[in-house]
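Residue numbers (our numbering): 2 to 429.
Data block below; observations after.
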């Protein structure tokens, strides 16, 4: 006869297995004790294998910050993170998970996981609209209005536009409005034609970013492209409204950095890298331009964690990011893909030039020891390079795979070296 306790256990198991959210019970070291089918369905594509035994090992490629968040959470119990967004996969195949972790005891945690990819896409559109309408009430310095023709080129200018930007009417007329974009590492402006295509489809397109000034400077603005329809319903042209926004306190740039930066190292995160890389690749393919990737992996990083602890490993990763970003141009993107693996996006760079950049980064890392907890650690890294000039039809996935293969060759050849995806072509 089934006891009351057995019945309760059976009901609990039935609830866990039927729950639509992923549930994972794990230790402070990441060892999984219990996991329900919904969680397994979300974790197995990330792990790439049917068995999942350690949550941190699975998440190291897309959310290495989880280990650090748990490590620094001091209270004996409580919520470690609530709805923390995790981007898995690459490019169009990426999925966004919401992760909440609760500490129950010193060595017992529970995580909930849910797929919020579609929700995030909807939120992005809603927040664009909210930002626009909020700017009507606070922080608006000036409003400029221009007319665009059916191709997105300026065909009429109001005095407000010349006053705001400093450009004359003659300098503005005939220019594609994207010509005035002045992005940096933390901003990804829409590709030429993208705003017009979305406005034609949805009736409007809203974006926030840097806009050029005639004196060579730039200013932060919100930009609305609204379609003007002919009586027959076809797009006759567009109205461009630009709002210059005063930024105070924890402003848009601070929030953007939080969304685009890696939690531990301050490098760009996976989501920002893939968004920017896809845009740059489309631009390079369209203009027959060049673009290169450099993938790097810290040599023997597990040994650092095992011998000196994860705190020392965190110091090493932060210093690797700092030294590398110091050697790069403002338009380059340095990102953390996961664990000790980083990637550099180099617009308008050939494979040969990318190898020179990688060699400069390699030298910077190997030249001086990194001090962690009073201990000097000699750190090196291995590098793999790929570029469009050796494969003009390559996708982003192709370029990453080629750079990864070159990286593995560097590891097999002794580490602390740079390898190219097509060394013969690069040397030609």
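Glycine included, C-beta positions come from ideal geometry on N, C-alpha and C.
Three-state secondary structure (DSSP) at residue i?
| i | result |
| --- | --- |
| residue 42 | helix |
| residue 159 | coil |
| residue 183 | coil |
| residue 413 | helix |
| residue 453 | As shown, the chain starts at 2 and ends at 429. That puts residue 453 outside it, with no answer to give. |
| residue 67 | helix |
| residue 210 | strand |
| residue 195 | helix |
| residue 314 | helix |
| residue 47 | helix |
| residue 152 | coil |
| residue 405 | helix |
| residue 245 | strand |
| residue 222 | strand |
| residue 325 | helix |
| residue 164 | helix |
| residue 89 | strand |
Please check the pair residue i and residue j, which I expect to be a contact at CB under 8 Å, by giving their CB distance rounded to whole angstroms.
| i | j | result |
| --- | --- | --- |
| residue 385 | residue 417 | About 13 Å separates the two Cβ atoms, so there is no contact after all. |
| residue 293 | residue 388 | 4 Å |
| residue 89 | residue 96 | 5 Å |
| residue 71 | residue 110 | 7 Å |
| residue 446 | residue 83 | Residue coverage of the chain in this structure runs from 2 to 429, which leaves residue 446 outside it and unanswerable. |
| residue 173 | residue 162 | 6 Å |
What are the start and end residues of the beta strand (DSSP E) that includes residue i?
| i | result |
| --- | --- |
| residue 273 | Not the beta strand (DSSP E): residue 273 falls in the alpha helix (DSSP H), residues 271-287. |
| residue 384 | 382-388 |
| residue 343 | 342-348 |
| residue 373 | 371-373 |
| residue 105 | 96-106 |
| residue 298 | 292-299 |
| residue 112 | 109-116 |
Sorted by chain position, which residues of the same chain lie with C-beta nearer than 8 Å to residue i's C-beta, five sequence neighbours on each side aside?
| i | result |
| --- | --- |
| residue 33 | 25, 26, 27, 53, 54, 55, 56 |
| residue 139 | Low confidence applies here, because residue 139 scores a pLDDT of 44, under 50, leaving its location unreliable; read the following figure in that light. There are no such residues. |
| residue 409 | 385 |
Take residue i and list the residues in its own chain whose beta-carbon comes closer than 7 Å to its own, dropping the five residues that flank it on each side.
| i | result |
| --- | --- |
| residue 108 | 28, 29 |
| residue 154 | 175, 176, 177 |
| residue 333 | 345, 346, 347 |
Can you name the start and end residues of the alpha helix (DSSP H) that residue i belongs to?
| i | result |
| --- | --- |
| residue 28 | No alpha helix (DSSP H) holds residue 28; DSSP gives it neither H nor E. |
| residue 368 | 352-368 |
| residue 305 | 302-309 |
| residue 215 | Unbroken run through residue 215: none, as it is neither H nor E. |
| residue 56 | 56-60 |
| residue 265 | Where residue 265 is concerned, there is no enclosing alpha helix (DSSP H), given that its DSSP letter is neither H nor E. |
Excluding the 5 residues flanking residue i on each side, which residues of the same chain have their C-beta closer than 6 Å to its C-beta?
| i | result |
| --- | --- |
| residue 50 | none |
| residue 62 | 339 |
| residue 264 | 66 |
| residue 64 | 87 |
| residue 320 | 371 |
| residue 68 | 57 |
| residue 355 | 293, 295, 347, 386, 388 |
Does the contact criterion of 3 or more C-beta pairs under 8 Å hold for the stretch 214-228 versus the stretch 272-290?
no
Do the stretch 336-354 and the stretch 288-305 touch if we need at least three Cβ pairs shorter than 8 Å?
yes
If you pair each beta-carbon of the stretch 178-185 with each one of the stretch 265-274, do three or more pairs fall below 8 Å?
no
Could you tell me whether the stretch 298-316 touches the stretch 369-383, using the rule of 3 or more Cβ pairs below 8 Å?
yes
If we count Cβ pairs, one from each stretch, closer than 8 Å, do we get three or more for the stretch 360-379 versus the stretch 311-324?
Pairwise C-beta distances place the stretch 360-379 in contact with the stretch 311-324, as three or more of them are shorter than 8 Å.
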